[in-house]
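Here the structure is laid out as structure tokens; the discussion comes afterwards.
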Amino acid sequence: MKKLVNFFLLVILLLEITISVDSQNPSLLKFVLQWPPTFCIGLNSAAPRGRCKEPILQHNLTLHGVWPADQRGYSITCPVPQDPNWNKLFTRTLENQLMAFWPPLRDNAHKWDLWKHEWRAHGACGRTTPEVYFNTAVKINNMLQKGNLFNYLKTSGIIACDSLSFARKDIVDAIQKVFVSTPLTVYLTCIPIDATNKTHIYLSEVTLCTNLGGTSFISCPLPANPTSCSSGARIMLPHPKPQ
Ligand SMILES: *[C@@H]1O[C@H](CO)[C@@H](O)[C@H](O)[C@H]1NC(C)=O
Ligand SMILES: *[C@@H]1O[C@H](CO)[C@@H](O)[C@H](O)[C@H]1NC(C)=O
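According to mature numbering (1 follows the signal peptide of the UniProt record, and there is no 0), the residues represented by the sequence shown are -23 to -1, 1 to 220, in order.
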């Protein structure tokens, strides 16, 4: 009897180890895009107040980062890695490629700060090299046939206009045109317009998911699907506000 109990304890222990290892196993990439005006509103209202670079981009959704995630869609965390040789990494060619879709939005930031931060906080947790990480971002961006996600929204009439608001489904349907044949799950995140407005919210980020190699889009897993745009409130894309 004692042996049997020990055996079961061992099984449970092994199961727990497997589960905890699994949950830190990168199994996909999240390609997290942001709507710059919403980012800037957030930056402006947080303490200490930051500033966005002027003019604030309003014709593109720009990349926030590429985040390795587990099979449930949760981002992988890891210890901060040793820095690579940034000067060697960010060649003129790579810098130009990244700047086109992954620009820094903060004023006074060094032009590489966002990329360095994303590598340290996320990229390095994907068990890959910085070279592979940044080139994978370029590769995924190139899979957007219309060049930028905003162009998919625009052709469906989803634009930044103070008199227009959209249902969550309208926005998701427009984004799913990226995938041509199968409508894959994407994540949306939103922020409140202000403390009192319950009927309207601002679109903040759109996440597309890919396989680990960044060679094909896949459905973002449901367990980690954010709920900030799911209230039934109408979603708006804000214009840049004067800072
Ligand atoms: C918007 O994105 C497209 C495609 O990535 C790029 O060619 C264009 O320069 C971008 N526009 C701005 C204002 O950044
Ligand atoms: C909420 O925001 C929308 C869009 O700006 C506006 O039309 C609406 O009147 C606001 N509602 C309240 C209660 O402030």
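In this text, a Cβ means the ideal position worked out from N, Cα and C, and glycines have one as well. Quantities reported herein were computed from a predicted structural model and do not represent experimental measurements.
TODO: Give the DSSP-derived three-state secondary structure of residue 190 in the structure shown.
DONE: To locate residue 190, count along the sequence shown from 1; it is residue 213. Residue state, collapsed to three classes: coil.
Open item on the list: On the CB-based measure, 16 or more other CB atoms within 10 Å of its CB, does residue -2 come out buried or exposed?
Closed with: As a first step, residue -2 must be located in the sequence shown, where it is residue number 22. Confidence in residue -2 is poor, its pLDDT being 46 and thus under 50, which makes the residue's placement unreliable; the coordinate value appears in the next sentence. Its Cβ having fewer than 16 others within 10 Å, residue -2 is exposed.
- [ ] Would you decide whether residue 206 is buried or exposed? Buried here means 16 or more other CB atoms lie within 10 Å of its CB.
- [x] As a position in the sequence shown, residue 206 is number 229, starting the count at 1. It is buried - the Cβ of residue 206 has at least 16 other Cβ atoms within 10 Å.
- [ ] Report the residue ranges of all beta strand (DSSP E) runs contained in full by the segment 16 to 77; include only those spanning at least 3 residues, in chain order.
- [x] 39 to 46
Task: Nearest-angstrom Cα separation, counted from residue 138 out to residue 78 - done: Stepping through the sequence shown from its first residue, residue 78 is reached at position 101. Stepping through the sequence shown from its first residue, residue 138 is reached at position 161. Looking at the two C-alpha atoms, the distance is approximately 22 Å.
- [ ] Could you name the residues of the same chain whose beta carbon sits closer than 7 Å to that of residue 38, not counting the 5 residues immediately before and after it, in chain order?
- [x] Stepping through the sequence shown from its first residue, residue 38 is reached at position 61. Here the set comprises 10, 11, 12, 125, 126, 127 and 183.
- [ ] Take the Cβ of residue 158 as the centre, count every other Cβ of all protein chains shown within 10 Å, and call the residue buried at 16 or more, exposed below.
- [x] Taking the first residue of the sequence shown as 1, we reach residue 158 at position 181. That one is exposed.
Open item on the list: Given this structure, state the Cα-to-Cα distance separating residue 212 from residue 26, to the nearest angstrom.
Closed with: In the sequence shown, the residue the question calls residue 212 occupies position 235. In the sequence shown, the residue the question calls residue 26 occupies position 49. Looking at the two C-alpha atoms, the distance is approximately 25 Å.
- [ ] Please indicate yes or no: does the CB of residue 170 lie closer than 8 Å to some heavy atom of ligand 2?
- [x] The residue you call residue 170 lines up with position 193 of the sequence shown. Indeed, a heavy atom of ligand 2 lies less than 8 Å from the Cβ.
Open item on the list: Applying the 10 Å Cβ sphere with the 16-neighbour rule, what's the burial state of residue 31?
Closed with: Walking along the sequence shown from the start, residue 31 turns up at place 54. That one is exposed.
Task: Same chain, Cβ closer than 7 Å to residue 41, five either side skipped, listed in chain order - done: As a first step, residue 41 must be located in the sequence shown, where it is residue number 64. For residue 41, where only same-chain residues beyond five positions count, the Cβ hits under 7 Å are 9, 10, 11 and 182.
Open item on the list: Pairs of beta-carbons, one from the segment 92 to 102 and one from the segment 50 to 61, closer than 8 Å: are there three or more?
Closed with: yes
- [ ] Kindly list the residues whose CB is nearer than 8 Å to the CB of residue 35, restricted to its own chain and excluding five residues on each side of it in sequence; keep chain order.
- [x] Taking the sequence shown and counting its residues from 1, one reaches residue 35 at position 58. Cβ neighbours of residue 35 beyond the five flanking positions: 13, 14, 137, 216 and 217.
Task: Option in 143, 147 and 185 with minimal Cα separation from residue 156 - done: Numbered from 1 along the sequence shown, position 179 holds the residue referred to as residue 156. Checked all of 143, 147 and 185; the closest Cα to residue 156 is 185.
Task: Given residue 19 as reference, the closest of 209, 198, 193 and 178 once Cα atoms are compared - done: In the sequence shown, residue 19 corresponds to position 42, counting from 1. Closest option to residue 19, Cα to Cα, is 178.
Task: Anticipated Cβ contact below 8 Å, residue 107 with residue 66, distance rounded - done: On the sequence shown, position 130 is the one that residue 107 refers to. On the sequence shown, position 89 is the one that residue 66 refers to. Contact holds; Cβ gap of about 5 Å.
TODO: For residue 177, verify whether its CB is less than 8 Å away from any heavy atom of ligand 2.
DONE: As a working note, residue 177 is residue 200 in the sequence shown. Yes, since a heavy atom of ligand 2 falls inside the 8 Å radius drawn around the Cβ of residue 177.
Task: Where residue 149 falls: helix, strand or coil (DSSP) - done: Your numbering for residue 149 matches position 172 in the sequence shown. DSSP places residue 149 in helix when its eight states are reduced to three.
Open item on the list: For a test of your reading of the model: does the CB of residue 142 fall under 8 Å from any non-hydrogen atom of ligand 2? Yes or no.
Closed with: Numbered from its first residue, the sequence shown carries residue 142 at position 165. Checking every heavy atom of ligand 2 against the Cβ of residue 142, one is found closer than 8 Å.
Task: Host beta strand (DSSP E) of residue 115 (start-end) - done: Position 138 of the sequence shown, counted from the first residue, corresponds to residue 115. It is not in any beta strand (DSSP E) - residue 115 instead sits in the alpha helix (DSSP H) that spans 107 to 119.
Open item on the list: Is it buried or exposed, residue 46, if we count other Cβ atoms within 10 angstroms and call 16 or more buried?
Closed with: If you number the sequence shown from 1, residue 46 lands on position 69. Residue 46 should be labelled buried.
Task: Same chain, Cβ closer than 6 Å to residue 198, neighbours up to 5 away in sequence not counted - done: Here residue 198 corresponds to residue number 221 of the sequence shown, with the count starting at 1. So the qualifying residues of the chain are 49 and 50.
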